[in-house]
Amino acid sequence: MAQAEFERNKQQGGFDSTSYRAAEPESGARVLTPLQQKLAGLEKALPAALRSRVLAFALAAAVLAAGVVGIGGVKLQARANEAAGWYTVGAPGDNGYNLNEELTLRANTAANVITTALNTPGLGAEAGAVTAAQAALDGFTACQEALAGGGAGMSEMYRANEALGTAIDMLYGEMQALADDPLNMGAVGQQYGQFNSAGTILGSLHYNEAVTAYQNDTGGPWASVLKGLFGIEEVEVFG
């Protein structure tokens, strides 16, 4: 009777042994781990000549080894951190002078020259040289803020500095043309002198030489792969 009851349950849709069978996994694309996804992206970035199966396997093995035990990657990160710090602490051989401080001095002294021009008879806020200088300063400071926040790069900062130098030179020339003694401009002359002095220091720093040497030492396809794997940002020259 028990057997008959079991057979009746099967016919009526009741539970049987097959009800407890686990669902078969669906076939389809294999889910990649985060590291495998990054490797796939890095492989796509390789030149066509490096995309053979053998070289791709060698690449994956090298990168996986670096990711697991830190071979190369940790040293690259340390070098990158050192190079990135040259912007604020100064490159080797610059005796503490650095891009950040000299660019800030340029911004501050340019602002003082513009303020004096705003109060100079014959110039004022509507004068073309004043508005041009103010626009250049606004672009310069915006670029500084973006650079500090990881946005704009050194090339943008370099161009902004060049534009500010041209605008302040033109404005100061007009102020001299209106002055009683163009060779004795008082406080604004001192500010303009400091502005130019900072520009001279910027041009004599060893920052670009140090960054170029760093780029040469850490260049090549394998280093580029490790930089991508470890999320290491490139360090740019000021130019």
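Here UniProt numbering is used: the first residue of the sequence shown is 1, the next is one more, and so on.
Glycine included, every Cβ here is placed at the ideal spot set by N, Cα and C.
Computed from a predicted structure; not experimentally measured.
Remark: fewer than three beta-carbon pairs, one from each stretch, lie closer than 8 Å, so the segment 126-136 and the segment 184-192 are not flagged as touching.
No Cβ-Cβ contact shorter than 9 Å links Ala107 with Gln77. A direct Cα-to-Cα measurement between Gly153 and Phe238 gives close to 9 Å. Under the three-state reduction of DSSP, Val211 is assigned to helix. Annotated three-state conformation of Asp181 is coil, per DSSP. Gln191 and Thr109 do touch by the CB rule: their CB atoms are close to 5 Å apart, below 8 Å. With respect to the 9 Å criterion, Ala111 and Leu171 are not classified as neighbours on the basis of their beta carbons. In this structure, the beta-carbon distance from Leu123 to Val113 does not fall below 9 Å. No Cβ-Cβ contact shorter than 9 Å links Asn161 with Leu205. For Asn98, no alpha helix (DSSP H) segment is defined, and its DSSP state is neither H nor E.
With a contact defined as Cβ atoms closer than 8 Å, Phe195 and Ile232 miss out at about 35 Å.
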